[in-house]
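What follows is a set of notes on a single structure, which appears directly below.
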Amino acid sequence: MLGSPRYFYTFSSSVLPWLTPIALVTLLAGLVWGLGFAPSDYQQGNSYRIIFIHVPASSGALMGYMALGVAGLVAVVWRMKMAEVMLKAIAPFGAALAAISLVTGALWGKPTWGTYWQWDARMTSMLILLFMYVGVIALQNVIRDPRQAARAAGLLAMVGVINVIIVKYSVEWVQTLHQGSTLKLFGESTINPAMKYPLLISMLGLWLLYAVNVLMRARTEVMWRERRSKWVAKLVTRPEKGEQ
Amino acid sequence: MSAFGAALKRELLVLWRSPAEMINPLFFFVMVISLFPLAISPKPEVLAVIAPGVLWVAALLAVMLSLDGLFRRDQESGVLELLLTAPVMAVVPVTAKLLAHWLLTGLPLVLVSPVLAHMLQLPNAVLGTVMLSLLLGTPALTIIGAIGAALTVGLNRGGILLAVLVLPLYIPVLIFGAGVIRAAAEGGAVNGILAILGALLALTASLGPLAVSAGLKISSGN
Numbered sequence: 270m271l272g273s274p275r276y277f278y279t280f281s282s283s284v285l286p287w288l289t290p291i292a293l294v295t296l297l298a299g300l301v302w303g304l305g306f307a308p309s310d311y312q313q314g315n316s317y318r319i320i321f322i323h324v325p326a327s328s329g330a331l332m333g334y335m336a337l338g339v340a341g342l343v344a345v346v347w348r349m350k351m352a353e354v355m356l357k358a359i360a361p362f363g364a365a366l367a368a369i370s371l372v373t374g375a376l377w378g379k380p381t382w383g384t385y386w387q388w389d390a391r392m393t394s395m396l397i398l399l400f401m402y403v404g405v406i407a408l409q410n411v412i413r414d415p416r417q418a419a420r421a422a423g424l425l426a427m428v429g430v431i432n433v434i435i436v437k438y439s440v441e442w443v444q445t446l447h448q449g450s451t452l453k454l455f456g457e458s459t460i461n462p463a464m465k466y467p468l469l470i471s472m473l474g475l476w477l478l479y480a481v482n483v484l485m486r487a488r489t490e491v492m493w494r495e496r497r498s499k500w501v502a503k504l505v506t507r508p509e510k511g512e513q
Numbered sequence: 003m004s005a006f007g008a009a010l011k012r013e014l015l016v017l018w019r020s021p022a023e024m025i026n027p028l029f030f031f032v033m034v035i036s037l038f039p040l041a042i043s044p045k046p047e048v049l050a051v052i053a054p055g056v057l058w059v060a061a062l063l064a065v066m067l068s069l070d071g072l073f074r075r076d077q078e079s080g081v082l083e084l085l086l087t088a089p090v091m092a093v094v095p096v097t098a099k100l101l102a103h104w105l106l107t108g109l110p111l112v113l114v115s116p117v118l119a120h121m122l123q124l125p126n127a128v129l130g131t132v133m134l135s136l137l138l139g140t141p142a143l144t145i146i147g148a149i150g151a152a153l154t155v156g157l158n159r160g161g162i163l164l165a166v167l168v169l170p171l172y173i174p175v176l177i178f179g180a181g182v183i184r185a186a187a188e189g190g191a192v193n194g195i196l197a198i199l200g201a202l203l204a205l206t207a208s209l210g211p212l213a214v215s216a217g218l219k220i221s222s223g224n
């Protein structure tokens, strides 16, 4: 059902009006709590607070690329139209998040490590992830036929997902300075709960905002692709006065 | 003759008859490497430090640039369409093409590398590792780059776009390829890192040709 562009359009019309405010409120709540009310760190003082932006952005960028890979698989193997649309909709926000993650990481690095940039494993991986987002977007932009562009980008994203995993381990091999992950899904987290909950909430808020952005981009793309169909024509032309 | 043998023979013959395509990457490799002592410093102790990275980055760029036209001539002459619609699976001629291309452009880089490594003041004991790392690494670079070449075959602006697509994918091979030379120069163990390079080659050689033929099918619109 979701594979039909028209169904997707009506479905997203009913989802967006409540998903958008939920996403914004969640993100705002997490950020206000984290930046304003969470206790300051005994070592890093207030500078650690950038974690409430840095970690959600990094996780969003990583998940976005994984989603690109899945959409790529569906688009290349089953040639589903909506997967092609998704490929185009997912990439820009993910690339922006990767950039945000790099910038906030650099700003956080200055007070804690004493330098804006270090070629440590995670920063390097994120930089390469940004490069791979750029590749997917560039390829989509140069191929004129939208379906062909999406499938080509999809194949690249699939190869890219394998690459992300290998890059992660190979740059770790080159030595690391970055602190280990403090948030663990299973087992004990090494982060104070008073910092953990605002972090989790701002992560959830950002992911929801990502979903909203993808839906909105996908709607625009669906409209453009289906611009010659009747249902789009009906949607965009306002009935004249006196008609109806 | 098997389909693979016939395809390999054809590709080798075509490449052999246009020697510029074999010679240019080789000269590019040599020229780029000779820029570094002039640009950075001809001091032996400086050169020995940068040599592993310089050798590998130059080899990587030479392989990548040689791939720009990998499928273009076949596409212009219509051979590509025939390959994709032939009764054998597209993977067979694609693999033959990649092998032929590596034999005539990648392998020469491997063969000339000890001379260049020596010019970059690497100790003689390391030259074997230099050759081995490139022997395992350059075929992987050829295959990965061919995926990008396949996806951009119909586009006229190859060059830079190919680099943007392919360079991030080259990073793991670069890290371990240059890393193994560095480890050897410092007198460390190299077998484990060479094994990782071999594993990367096995991964790309088994899945890469499938991705290349899928890419060619996408680019030719079927």
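Chains as they are written, first to last, in this note's numbering: chain S, 270 to 513; chain X, 3 to 224. Built from N, CA and C at the ideal position, the CB exists for glycine as well.
Checklist line | Neighbour-count burial assignment, X/Val-128, 16 or more Cβ in a 10 Å radius | finding: buried
Notebook entry, point to check: Taking 6 angstroms as the cut-off, is the CB of S/Arg-318 close to at least one heavy atom of the ligand NAP?
Noted result: Inclusion of the ligand NAP in the displayed structure is not the case, the ligand content being empty and no account of it being possible.
Item checked: Secondary structure, alpha helix (DSSP H): runs of 4+ residues fully inside the stretch 70 to 126 of chain X -> 74 to 79, 81 to 87, 93 to 103 and 109 to 121
Margin query: Is there a Cβ of chain X sitting closer than 7 angstroms to that of S/Arg-420, yes or no?
Written below: yes
Check: Using 7 angstroms as the limit for Cβ to Cβ distance, is X/Ile-52 near chain S?
Finding: no
Next item on the list: Compute the Euclidean distance between the alpha carbons of X/Glu-188 and S/Val-436, then round it to the nearest angstrom.
Entry: 24 angstroms
Notebook entry, point to check: With a cut-off of 7 angstroms, does the C-beta of S/Asn-432 fall near any C-beta of chain X?
Noted result: yes
Checklist line | Inter-residue spacing [alpha-carbon to alpha-carbon] between X/Thr-131 and X/Ala-186 | finding: 7 angstroms
Margin query: Classify S/Phe-306: buried if its beta carbon has 16 or more other beta carbons within 10 angstroms, exposed otherwise.
Written below: exposed
Note to self: Can you list, in chain order, the residues of its chain with a C-beta nearer than 7 angstroms to that of X/Ile-146? Leave out the 5 residues immediately preceding and following it.
What the structure shows: Val-168, Leu-171, Tyr-172, Thr-206 and Gly-210
Item checked: Beta-ladder partner(s) of S/Asp-310, from DSSP -> S/Gly-314
Notebook entry, point to check: Interface residues of chain X around S/Gln-544 at Cβ under 9 angstroms?
Noted result: This structure does not reach residue 544 of chain S, given that chain S is present from 270 up to 513, and the question cannot be answered.
Next item on the list: Can you tell me which of the three DSSP states S/Gln-417 falls into?
Entry: helix
Margin query: Spatial neighbours of S/Ser-273 within its chain, please: C-beta separation below 6 angstroms, excluding the five flanking residues on both sides.
Written below: none
Next item on the list: Grab the span of the alpha helix (DSSP H) containing S/Arg-391 for me, first residue to last.
Entry: 390 to 411
Item checked: Segment contact, 8 angstroms Cβ cut-off, at least three pairs: the stretch 142 to 158 of chain X with the stretch 99 to 109 of chain X -> yes
Notebook entry, point to check: Just to confirm, are X/Leu-72 and X/Ala-151 a CB contact at a threshold of 7 angstroms?
Noted result: yes
Next item on the list: Please name the residue, chosen from X/Ile-177, X/Ala-201, X/Leu-10 and X/Met-121, that lies closest to X/Lys-45 on a Cα-to-Cα basis.
Entry: X/Met-121
Item checked: Any 3 or more C-beta pairs closer than 8 angstroms across the stretch 409 to 426 of chain S and the stretch 380 to 399 of chain S -> no
Next item on the list: Please say whether S/Asn-482 and S/Phe-321 have beta carbons closer to each other than 7 angstroms?
Entry: no
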